[in-house]
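Q:
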Amino acid sequence: MSDAPYIIDVTADNFMQVMQASMQTPVVLDFWAEWCSPCKALMPVLTKLADEFQGAFILAKVNIDENQQLAAQAQVRSVPTVLLVHEGQVVDQFNGALPESKIREFLKPYLPEDPSDQIREQVAAFVAAGELDQAQHLLNQAMLQWPEEIHWSIDLARLLIQRGQAQDARAILDQLSDADKMNPEVKGLFARMRFSDQAPTLEEIQALGERQDAEALYKKAMFALLQGEEETALQHLLQVMREDASYNNGIAHKTLLDVFNMLGDKHPLTLNYRRKLFTLLY
Numbered sequence: 004m005s006d007a008p009y010i011i012d013v014t015a016d017n018f019m020q021v022m023q024a025s026m027q028t029p030v031v032l033d034f035w036a037e038w039c040s041p042c043k044a045l046m047p048v049l050t051k052l053a054d055e056f057q058g059a060f061i062l063a064k065v066n067i068d069e070n071q072q073l074a075a076q077a078q079v080r081s082v083p084t085v086l087l088v089h090e091g092q093v094v095d096q097f098n099g100a101l102p103e104s105k106i107r108e109f110l111k112p113y114l115p116e117d118p119s120d121q122i123r124e125q126v127a128a129f130v131a132a133g134e135l136d137q138a139q140h141l142l143n144q145a146m147l148q149w150p151e152e153i154h155w156s157i158d159l160a161r162l163l164i165q166r167g168q169a170q171d172a173r174a175i176l177d178q179l180s181d182a183d184k185m186n187p188e189v190k191g192l193f194a195r196m197r198f199s200d201q202a203p204t205l206e207e208i209q210a211l212g213e214r215q216d217a218e219a220l221y222k223k224a225m226f227a228l229l230q231g232e233e234e235t236a237l238q239h240l241l242q243v244m245r246e247d248a249s250y251n252n253g254i255a256h257k258t259l260l261d262v263f264n265m266l267g268d269k270h271p272l273t274l275n276y277r278r279k280l281f282t283l284l285y
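In the working numbering, the protein residues as written are 4 to 285.
1. Give the single residue among Pro112, Pro187, Trp149 and Tyr9 whose Cα lies nearest to the Cα of serine 119.
2. Per DSSP, lysine 64 is paired with what?
3. Do the CB positions of valine 3 and alanine 63 come within less than 8 angstroms of each other?
4. Could you tell me which uninterrupted alpha helix (DSSP H) segments, each at least 4 residues in length, are contained entirely in the region 50-133, listed from first to last along the chain?
5. Under 8 angstroms, do leucine 52 and valine 13 count as touching if we go by C-beta distance?
6. For the putative contact between alanine 194 and leucine 229, defined by C-beta atoms under 8 angstroms, what is the C-beta separation to the nearest angstrom?
7. Assuming aspartate 268 is part of the alpha helix (DSSP H), what are its boundary residues?
8. For the alpha helix (DSSP H) holding methionine 185, just list the boundary residues, first then last.
9. For lysine 222, count the other beta carbons within 10 Å of its own beta carbon; 16 or more makes it buried, fewer makes it exposed. Which is it?
10. Report, in whole angstroms, the separation of the C-beta atoms of glutamine 240 and alanine 219, which I expect to be a contact under 8 angstroms.
11. Quick one: complete alpha helix (DSSP H) runs, 4+ long, within the region 135-219?
12. If distances are taken between C-alpha atoms only, which option among Arg278, Met185, Gln178 and Gln165 comes closest to phenylalanine 198?
13. Quick check: the Cα distance between aspartate 268 and leucine 283, rounded to an integer number of angstroms?
14. Does DSSP classify methionine 26 as helix, strand or coil?
15. Helix, strand or coil for alanine 227? Go by DSSP, reduced to three states.
16. Looking at valine 79 and aspartate 33, is the spacing between their C-beta atoms short of 8 angstroms?
17. Looking at proline 47 and proline 83, is the spacing between their C-beta atoms short of 8 angstroms?
18. Tell me the rounded alpha-carbon separation between leucine 280 and threonine 235.
19. Quick test of your reading: isoleucine 122 and leucine 141, contact by CB under 8 angstroms. State the CB separation rounded to the nearest angstrom.
20. Where does arginine 278 sit, in a helix, a strand or coil, going by DSSP?
21. In or out: asparagine 143 buried (at least 16 other Cβ within 10 Å) or exposed?
22. DSSP state of alanine 255, grouped into three classes?
23. Under 8 angstroms: do the region 180-189 and the region 247-265 share three or more Cβ pairs, one atom per stretch?
24. Assign cysteine 39 to one of three DSSP states: helix, strand, or coil.
25. By alpha-carbon positions, which one of Gly99, Glu103, Leu110 and Gln71 ends up nearest to valine 88?
26. Confirm the yes/no value for this check: CB of histidine 140, any heavy atom of the ligand NAD, distance under 7 angstroms.
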């Protein structure tokens with residue numbers, strides 16, 4: 004049994020008190036059993052979220068073997084079953100052991116703003132303002148607070164790539180599990196880092212301003228690749244070829260072919276821009 008006041012074990016004796024508490028605070032009723040493996044997988048996730056939100060909702064755990072009448076009243080047919088009770092009414096429910104991200108979505112309409120959402124908004128604001136040290140500091144803190152959430156590693160790696168620190172970004176992504184490395188965003192970051200040696204930093208891009216000469220366009224193309232903006236990069240590379248196909252020993256043409264290889268032969272951008280390249284060359 005938890006010492007936290009917002010995590011309680013429910014019995015017939017205190018069930019009505021729990022329902023009354025839902026008039027002020029959302030209650031998550033978790034019907035579970037000792038013999039249920041999915042229940043044991045779900046319980047730590049619910050407990051973690053309850054601790055994170057510090058009383059914004061009550062986690063009320065109901066052992067169905069010890070409280071068969073309560074389970075019958077709630078029409079529980081399998082475990083785990085989770086009911087969300089708000090102002091005395093069941094407003095939502097799910098069955099089975101959902102991942103943390105789905106449970107956050109389940110809770111979101113009835114809770115204060117997720118603190119991790121607030122951090123992401125702050126990071127985006129710092130990046131937009133060019134305050135990259137502050138953005139990086141926040142992301143480092145978030146990784147420490149939520150080490151199991153892959154998106155913090157992705158966001159930090161993306162920022163480091165923007166700052167020209169691809170080696171540090173790779174070190175972060177290399178620590179991910181093999182399963183997480185199959186995440187499309189992670190695979191995309193690894194692919195983009197192949198271009199990192201040629202790419203300018205965000206500060207260098209900002210210094211280019213509105214320049215449209217071959218050198219500036221090529222740098223903007225390489226930076227766009229690191230941001231995952233492949234079409235923007237392809238547009239810039241084609242423009243380099245129109246302006247000066249011989250720039251830097253024809254590097255724009257070579258890079259176009261590298262991007263096609265990265266995207267794959269059947270990718271819509273590859274098909275579209277190969278046609279444009281052919282028209283330009285012939």
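The beta-carbon is built from N, C-alpha and C at its ideal position, and this holds for glycine as well. Keep in mind it's a predicted model, so treat the numbers as computed, not measured.
A: So, from the data block:
1. Of the listed residues, the one whose Cα sits closest to serine 119 is Trp149.
2. Lysine 64 pairs with Asp12 and Asp33.
3. Because the chain here runs from 4 to 285, residue 3 falls outside it and cannot be looked at.
4. Counting whole runs of 4 or more residues, the region 50-133 contains the alpha helix (DSSP H) stretches 71-76, 103-110 and 118-131.
5. No. Outside cutoff.
6. The C-beta distance from alanine 194 to leucine 229 rounds to 10 angstroms, too long to fall under 8 angstroms, and the pair is not in contact.
7. In the DSSP annotation of this structure, aspartate 268 is not part of any alpha helix (DSSP H), being labelled neither H nor E.
8. Unbroken run through methionine 185: none, as it is neither H nor E.
9. By the neighbour-count criterion, in which 16 or more other beta carbons inside 10 Å mark a residue as buried, lysine 222 falls on the buried side.
10. Going by the sequence as given, residue 240 is leucine instead of glutamine. That pair is no contact at about 13 angstroms.
11. Taking only runs of at least 4 residues, the alpha helix (DSSP H) segments lying wholly in the region 135-219 are 135-148, 153-165, 169-177, 187-195 and 205-211.
12. Answer by Cα proximity: Gln165.
13. Each residue's Cα considered, the two are about 19 angstroms apart.
14. Three-state DSSP puts methionine 26 in coil, outside helix and strand.
15. Here alanine 227 sits in helix by DSSP.
16. Not in contact: aspartate 33 and valine 79 (Cβ atoms no closer than 8 angstroms).
17. Contact flag unset, no.
18. Each residue's Cα considered, the two are about 15 angstroms apart.
19. So it is a contact: roughly 6 angstroms between Cβ atoms.
20. Three-state result, arginine 278: helix.
21. Classified as exposed, asparagine 143 has fewer than 16 neighbouring CB atoms from the shown chains inside 10 Å of its CB.
22. In this structure, DSSP gives alanine 255 a helical state, which the three-state scheme calls helix.
23. No contact exists between the region 180-189 and the region 247-265.
24. Per DSSP, reduced to three states, the secondary structure at cysteine 39 is coil, with no helix or strand assignment.
25. Nearest C-alpha to valine 88: Leu110.
26. Among the ligands in the structure shown, none appear at all, so the ligand NAD cannot be discussed.
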